[in-house]
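So the protein lines, in turn, are chains Y and Z. The first sequence begins at 3 in my numbering and counts up one residue at a time. The second sequence begins at 3 in my numbering and counts up one residue at a time. Note that beta-carbon positions come from the ideal geometry of N, C-alpha and C, so glycine has one too.
Number of protein chains: 2
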Amino acid sequence: MMQVHRKREAGEEQRVPKQVDYEERRLRIAEAVCALIARSGMEAVSLRDVAAEADVSMGAVQRCFRTKEDMLLFALEHISQRVSERATQRIAATSTPQSASTLLSHTLAELALLDEESRAGAHVWLAFVSHAPASERLAAVLRETYGKLHDLVVWLIRYGQDTQEIPPHLDAAQEAHTLLAVADGLTVHVLAGHQSAETASAVLQRHVDRLVQ
Amino acid sequence: MMQVHRKREAGEEQRVPKQVDYEERRLRIAEAVCALIARSGMEAVSLRDVAAEADVSMGAVQRCFRTKEDMLLFALEHISQRVSERATQRIAATSTPQSASTLLSHTLAELALLDEESRAGAHVWLAFVSHAPASERLAAVLRETYGKLHDLVVWLIRYGQDTQEIPPHLDAAQEAHTLLAVADGLTVHVLAGHQSAETASAVLQRHVDRLVQ
DNA sequence: GCGGTTATGATGCAAGTGCATCGGAAAAGA
DNA sequence: TCTTTTCCGATGCACTTGCATCATAACCGC
């Protein structure tokens, strides 16, 4: 504990400083893991390749993470957090109150990871889902994240019901499940090349539209 | 070609017969691959483990498939075919004409791989989707299968429109995309432990119900 | 029967894996 | 300035991987 970051106080002369920011390094490695997964799948992730991708030595990777599984777990937590964060920010950032409909569709589009720069995230996410049965710890993170996202969508639906955009007789939890399922399914379809991102977001939009009627 | 199965005509005395049914062996190996993927993920699939799981020698595996990727490809084609087959059979097997609604929900439940014995299939399918970017050949199979499934659902929807169960103004292709997305999304959710198979099929059922109104 | 053909399972091999170890360099304390 | 402590990155190691090779064993037409 008490991990103070003392790095780079003085003028580090072109050499990497001795004491490095661990948190930053971890994130950097997590990004490298995601890039590798997105490029060649999860089974292509080796400590060496990760180190090379993150442009650090293998020893540094091992220092940051005790085992490979720890590293993968951190990477998953990283992108989980980023996804939830982005979604909630999208909501909180709207200074002018928007309609529940647009809020919903924007949030879900965010969650479906349809835009190009989220493609990698989609890959990583799916890779972890399909790897989950092999690691209970990964599975736990996935469950937790899904739980949070579900709660978020439920909240949005209830908000829509409060503003009378969404029929009050609908079961918010059920609708949230369906919406999340559509989003995830579209993610899969885009990733599998069955749909383009454009048609996918159109499908999503239409589904939300039908909900608000 | 002209691969006649002459195996096991005489009384094979406890020793494996010399000429073996290749097709059967391939299938057996494919099953072993699926079992391994379902149990421990795709990166746990090694030729040795597959051979052990299928209870054949490693040489036999190498004889059946020139490379590991060929093996995986065959396994994917195998389960793809099984999934489509099961779905179409579900439709064709109904001697008494059923309502489009029940046909749709049954077919989609089949495609969502929700029942317990399809769990492994779901795993395998998802593993391949997340592995697809690393192998164009796998991706091609996925696209083709998704295309077929999409056509199937479109056909069902049009059928429902013919029988006036489904409003004629709906775009069958679009609805099919949504339905498939819901099915796949639910597959993901069940696999990730976010939903139980029961709630998932309830969600699916409700979605179909709303379609037919 | 019997050579010829073919399938078989064991073994070899180079490359790659995750992880442990270690010499030495930088920071801290005197 | 000199020890001490911390920490980094390279190397080593035991193991697994996918694939190639090979002697052997079973079937075939003759």
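Does the separation of the CB atoms of residue i and residue j fall below 9 Å?
i, j, result
"Leu-140 (chain Y)", "Trp-127 (chain Y)", "no"
"Leu-213 (chain Y)", "Glu-177 (chain Y)", "yes"
"Gly-162 (chain Y)", "Ala-102 (chain Y)", "yes"
"Glu-33 (chain Y)", "Ala-56 (chain Y)", "yes"
"Ala-111 (chain Y)", "Leu-49 (chain Y)", "no"
"Ser-86 (chain Y)", "Leu-154 (chain Y)", "yes"
"Ala-199 (chain Z)", "Asp-72 (chain Z)", "no"
"Pro-169 (chain Y)", "Gln-100 (chain Y)", "no"
"Val-210 (chain Z)", "Leu-113 (chain Z)", "no"
With DSSP as the reference, label residue i as helix, strand or coil.
i, result
"His-196 (chain Z)", "coil"
"Ala-114 (chain Y)", "coil"
"Asp-211 (chain Z)", "helix"
"Glu-87 (chain Y)", "helix"
"His-171 (chain Y)", "coil"
"Ala-95 (chain Z)", "coil"
"Gln-176 (chain Y)", "helix"
"Asp-57 (chain Y)", "coil"
"Thr-69 (chain Y)", "coil"
"Thr-165 (chain Z)", "coil"
"Ser-203 (chain Y)", "helix"
"Gln-100 (chain Z)", "coil"
"Gly-43 (chain Z)", "coil"
"Asp-51 (chain Y)", "helix"
"Ser-137 (chain Y)", "coil"
"Asp-23 (chain Z)", "coil"
On a CA-only basis, which of the options is nearest residue i? Give me that one, please.
i, options, result
"Asp-23 (chain Z)", "Z:Ala-53, Z:Glu-55 and Z:Ala-62", "Z:Ala-62"
"Ile-81 (chain Y)", "Y:Tyr-148, Y:Glu-200 and Y:Ala-95", "Y:Tyr-148"
"Leu-151 (chain Z)", "Z:Gln-100, Z:Val-52, Z:Thr-109 and Z:Leu-206", "Z:Thr-109"
"Thr-104 (chain Z)", "Z:Ala-56, Z:Glu-167, Z:Ala-129 and Z:His-171", "Z:Glu-167"
"Ala-37 (chain Y)", "Y:Ala-122, Y:Leu-113 and Y:Leu-154", "Y:Ala-122"
"Ala-175 (chain Z)", "Y:Ala-204, Y:Val-52, Y:Asp-51 and Y:Ala-111", "Y:Ala-204"
"His-196 (chain Y)", "Z:His-209, Z:Ser-48, Z:His-179 and Z:Glu-112", "Z:His-179"
"Ala-129 (chain Y)", "Y:Ala-34, Y:Ala-32, Y:Glu-33 and Y:Ala-40", "Y:Ala-40"
"Gly-187 (chain Z)", "Z:Ser-137, Z:Glu-146 and Z:Ala-124", "Z:Ala-124"
"Ser-120 (chain Y)", "Y:Arg-84, Y:Ser-137 and Y:Met-60", "Y:Arg-84"
Is the number of C-beta pairs between the segment 145–160 of chain Y and the segment 56–67 of chain Z that are closer than 8 Å three or more?
-> no
Assess, as a yes-or-no matter, whether the segment 71–85 of chain Y is touched by the segment 25–36 of chain Y under the definition of 3 or more beta carbon pairs within less than 8 Å.
-> yes
Spell out a yes or no on whether the segment 129–146 of chain Y and the segment 39–54 of chain Y are touching, meaning 3 or more CB-CB pairs, one atom from each, closer than 8 Å.
-> yes
Is the number of C-beta pairs between the segment 183–195 of chain Y and the segment 178–196 of chain Z that are closer than 8 Å three or more?
-> Taking a contact to require three or more Cβ pairs closer than 8 Å, the segment 183–195 of chain Y and the segment 178–196 of chain Z qualify as touching.
May I ask you to list, following chain order, the residues of the segment 189–202 of chain Z that have a beta carbon less than 9 Å from some beta carbon of chain Y?
-> Within the segment 189–202 of chain Z, the residues whose Cβ lies closer than 9 Å to some Cβ of chain Y are Thr-189, Val-190, His-191, Leu-193, Ala-194, Gly-195, His-196, Gln-197, Thr-201 and Ala-202, listed in chain order.
Cβ-based contacts, 8 Å cut-off: residues of the segment 27–54 of chain Y near chain Z | Ala-40, Arg-41, Ser-42, Gly-43, Met-44, Glu-45 and Ala-46
Name, going along the chain, the residues of the segment 117–143 of chain Y whose beta-carbon falls closer than 7 Å to a beta-carbon of chain Z.
-> His-125, Leu-128, Ala-129, Val-131, Ser-132, His-133, Ala-134, Pro-135, Ala-136 and Ala-141
According to a CB-to-CB cut-off of less than 8 Å, which residues of the segment 166–188 of chain Z neighbour chain Y?
-> Gln-176, His-179, Thr-180, Leu-182, Ala-183, Val-184, Ala-185, Asp-186, Gly-187 and Leu-188
Proximal residues, the segment 203–215 of chain Y versus chain Z, C-beta separation under 7 Å = Against chain Z - using a Cβ distance shorter than 7 Å - the residues of the segment 203–215 of chain Y are Val-205, Arg-208 and His-209.
Listed in chain order, which residues of the segment 84–104 of chain Z have Cβ atoms closer than 7 Å to some Cβ of chain Y?
-> none
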